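*Asks:* Residue numbers (the numbering used here), protein chains in the order written: chain A, 25 to 312; chain B, 33 to 261. Cβ atoms here follow ideal geometry from the backbone N, Cα and C, with glycine treated the same way. Quick caveat, the model's predicted, so the values are computed rather than measured.
1) Where DSSP assigns a beta bridge to residue 197 of chain B, which residues make up the other side?
2) Give me the subset of the stretch 189 to 217 of chain A whose CB atoms are less than 8 Å from a CB atom of chain B, sorted by chain position.
3) Assign residue 140 of chain A to one of three DSSP states: helix, strand, or coil.
4) Compile a chain-ordered list of the residues in the stretch 173 to 188 of chain A whose CB is closer than 7 Å to at least one CB of chain B.
5) Could you confirm whether any beta carbon from chain A is found closer than 9 Å to the beta carbon of residue 75 of chain B?
6) So residue 221 of chain B and residue 229 of chain B are supposed to be a Cβ contact under 8 Å. How far apart are they, rounded?
7) For the alpha helix (DSSP H) containing residue 166 of chain A, name the first residue and the last one.
8) Just mark residue 71 of chain A as buried or exposed, buried being the case when its beta carbon has 16 or more other beta carbons within 10 Å.
9) Taking all protein chains shown into account, do 16 or more other C-beta atoms lie within 10 angstroms of the C-beta of residue 144 of chain A, making it buried, or fewer, making it exposed?
10) Closer than 9 Å, CB to CB, is residue 64 of chain B near chain A or not?
11) What are the start and end residues of each continuous alpha helix (DSSP H) run of 4 or more residues lying completely inside the stretch 33 to 82 of chain B, in chain order?
12) Could you name the residues of the stretch 105 to 122 of chain B whose beta carbon sits closer than 7 Å to any beta carbon of chain E, in the order they occur along the chain?
13) Of all the residues that make up the stretch 130 to 162 of chain B, which are near chain A by a beta-carbon distance shorter than 7 Å?
14) Looking at the C-beta of residue 53 of chain B, does it have a partner C-beta in chain A at a distance below 9 Å?
15) Spatial neighbours of residue 76 of chain B within its chain, please: C-beta separation below 6 Å, excluding the five flanking residues on both sides.
16) Closer than 8 Å: is that where the CB of residue 81 of chain B sits relative to any heavy atom of the ligand ZN?
17) Determine contact between the stretch 37 to 56 of chain A and the stretch 174 to 193 of chain A, defined as no fewer than three beta-carbon pairs at a distance below 8 Å.
18) Counting contacts by CB-CB distance shorter than 9 Å, is residue 103 of chain B in contact with chain A?
19) Excluding five sequence neighbours on each side, which residues of the same chain lie with their C-beta closer than 6 Å to the C-beta of residue 270 of chain A?
20) I'd like the span of the alpha helix (DSSP H) that includes residue 89 of chain B, first residue to last.
21) Give the residues of chain A in contact with residue 82 of chain B, contact being defined as C-beta atoms less than 7 Å apart.
22) What are the partner residues of residue 190 of chain B, as DSSP defines its beta bridges?
23) Establish whether the CB of residue 235 of chain B and some CB of chain A are separated by less than 9 Å.
24) Please confirm if the stretch 62 to 71 of chain A is in contact with the stretch 222 to 231 of chain A, defined as three or more CB-CB distances below 8 Å between the two stretches.
25) Given a threshold of 16 other Cβ atoms within 10 Å of its Cβ, counted over all protein chains shown, does residue 208 of chain B qualify as buried or as exposed?
26) Is the separation between the beta-carbon of residue 181 of chain B and that of residue 142 of chain B shorter than 9 Å?
27) Please state whether DSSP places residue 243 of chain B in a helix, a strand or coil.
28) List, from N- to C-terminal side, the alpha helix (DSSP H) runs of 4 residues or more that fit wholly inside the stretch 197 to 221 of chain A.
29) In terms of alpha-carbon separation, which member of B:160, B:187, B:156, B:203 lies closest to residue 169 of chain B?
30) Which same chain residues end up closer than 8 Å to residue 215 of chain A when comparing Cβ atoms and leaving out the 5 residues on each side of it in sequence?
31) Where does residue 187 of chain A sit, in a helix, a strand or coil, going by DSSP?
32) What does the alpha-carbon distance come out to for the pair residue 69 of chain B and residue 240 of chain B?
33) Which term fits residue 186 of chain B, buried or exposed, when burial requires 16 or more other beta carbons within 10 angstroms of its beta carbon?
34) Determine the DSSP secondary structure at residue 113 of chain B, reduced to helix, strand or coil.
35) Within the continuous beta strand (DSSP E) that includes residue 153 of chain A, where are the two ends?
36) Classify residue 63 of chain A as buried or exposed, calling it buried when 16 or more other Cβ atoms lie within 10 Å of its own Cβ.
What follows is the structure, encoded as structure tokens:
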């Protein structure tokens, strides 16, 4: 019984992890079709900001929920102004530019902090379930992943700004004709995506270790999740994360983590072979 | 008194010129028809006036101001409404949300939805349906409502009869007559349906290969057919 409990927590943590890695990108790529290869580095900057703030004596939660998202939002704002804005609709150029940006960010952080792994320990200790114990922080990640999905969906569904964002994603020209500046909407969307990536980075920092190249390990998984999600970016990201997270953890349990990763990639290939436009292109088409 | 005028305007897509030196002016309260066949530059002309396509040379004036280089959204805020070809209703938003996006874009000067529905009663059953599942005619009514809600001074109307059954065409004529009667909006209508254009327009310009080749009063619109366009 306790074994099953731990297994379930591990599966859900794995899902939550995928959601956290992907949701910032889901907003940028899913809604704006901007391929941001520097997504992993946005997460990395969020993680570094959190570690630096905590090392400087700041409260962990303040560093995670306020400082890291604001710092990465600022980075996102600069990146949008300097690079992304000039490349909307030009996918290849955007890929190249953000890949360069990714290398630049890794290089800069390496120069400043050195090519070493730092980290912070997870707060809150652990809870024991029967013979086993699990980090309480895992539960925080689960709650935060769920909260982010719900908050994004509610924002898009219930607020005026969310409505304008959805309109601009469906038809930017007409949204301009109706009196909205598409550039402002895109900039705001990119900055929000960056802020959420920063929050994700700060949240996962205690689990993964923080190094300049950490983003490289995340960016592929994030892209796979978002691309498999399909048109309903928020709901799809949650659903695909649920599928991949379950597959990954289940296979990891019966084999090794390496096979877990292989199984995740394999299920992504199968999913895209069967549904080339993503999971939500076929089902739940009215979701967000 | 002219509310909208363009002077010797050239525009097109990339290096391909489509509009080759068109000048026209729209009087306050006037209904101007522009007649021409497919590929003659009608839609390009309206997109250029709306700001979706940049002007290569020439001048666009709206409400006495030069708007040649003004971004699309600023022109819209100044009161230049545009109903695009193919309606371009947001498919994944309800009728009400389609209207709301326009109302939010118009900020303070938006007209309440109830007044638009009173003007166009056909809108009522469309409010809670998704744009993508509406028929062409329903989308056209919604597109007109979506434009009206922003309280424009001028509406640029691009081929409202395209892909619409004849019975709905009559309804569109009635709806546009109501708009003319109840509001002070000036309208530029671009069409290739002669009956439609002559039952609404005060004045008709014929466009061919990106230039204006004739100007007629509505009464003599039958001459359009004789014009060997």
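*Replies:* Reading it off the structure:
1) Paired residue(s): none; residue 197 of chain B is not in a bridge.
2) With the criterion set as a beta carbon lying under 8 Å from some beta carbon of chain B, the members of the stretch 189 to 217 of chain A are 190, 191, 194, 195, 197, 198, 199, 200, 201, 202, 203, 204, 205, 206, in sequence order.
3) Note: residue 140 of chain A maps to coil in three-state DSSP.
4) Within the stretch 173 to 188 of chain A, the residues whose Cβ lies closer than 7 Å to some Cβ of chain B are 184, 187, 188, listed in chain order.
5) For residue 75 of chain B, the answer is no, since every Cβ of chain A falls outside 9 Å of its Cβ.
6) Right, the Cβ-Cβ distance comes to about 6 Å (below 8 Å), so this counts as a contact.
7) Unbroken alpha helix (DSSP H) run through residue 166 of chain A: 160 to 182.
8) By the 10 Å Cβ count, residue 71 of chain A comes out buried.
9) Burial call: buried.
10) For residue 64 of chain B, the nearest beta carbon of chain A is not closer than 9 Å to its own beta carbon.
11) 74 to 82, all fully within the stretch 33 to 82 of chain B.
12) Structure shown: chain E not included; protein chains present are A and B.
13) Residues are counted here when their Cβ sits less than 7 Å from a Cβ of chain A; for the stretch 130 to 162 of chain B these are 132, 133, 134, 136, 137, 138, given in chain order.
14) It does not; no Cβ of chain A falls within 9 Å.
15) Closer than 6 Å at Cβ, skipping near neighbours: 50, 51.
16) Ligands in the displayed structure: none, and consequently the ligand ZN is not present.
17) These segments touch.
18) Taking Cβ atoms only, chain A reaches closer than 9 Å to residue 103 of chain B, which makes this a yes.
19) The beta carbon of residue 270 of chain A lies closer than 6 Å to those of 35 in the same chain, with the five residues before and after it left out.
20) That residue, residue 89 of chain B, is in no alpha helix (DSSP H); its beta strand (DSSP E) goes 87 to 94.
21) Here the neighbours are 201.
22) Within the DSSP bridge table, the entry for residue 190 of chain B names B:222 as partners.
23) Cβ-Cβ to chain A under 9 Å: no for residue 235 of chain B.
24) Taking 8 Å as the limit for Cβ pairs, the verdict is that the stretch 222 to 231 of chain A does touch the stretch 62 to 71 of chain A.
25) The residue in question, residue 208 of chain B, is buried, as its Cβ has 16 or more Cβ neighbours within 10 Å.
26) With respect to residue 142 of chain B, residue 181 of chain B sits close: the two C-beta atoms are nearer than 9 Å.
27) Here residue 243 of chain B sits in strand by DSSP.
28) Fully enclosed alpha helix (DSSP H) runs of 4 or longer: not present.
29) Of B:160, B:187, B:156, B:203, the residue nearest in Cα terms is B:203.
30) Cβ neighbours of residue 215 of chain A beyond the five flanking positions: 97, 100, 101, 104.
31) Helix.
32) Approximately 8 Å, taken between the alpha carbons.
33) It counts as buried.
34) Here residue 113 of chain B carries a strand assignment [DSSP, helix/strand/coil].
35) Unbroken beta strand (DSSP E) run through residue 153 of chain A: 150 to 153.
36) It counts as buried.
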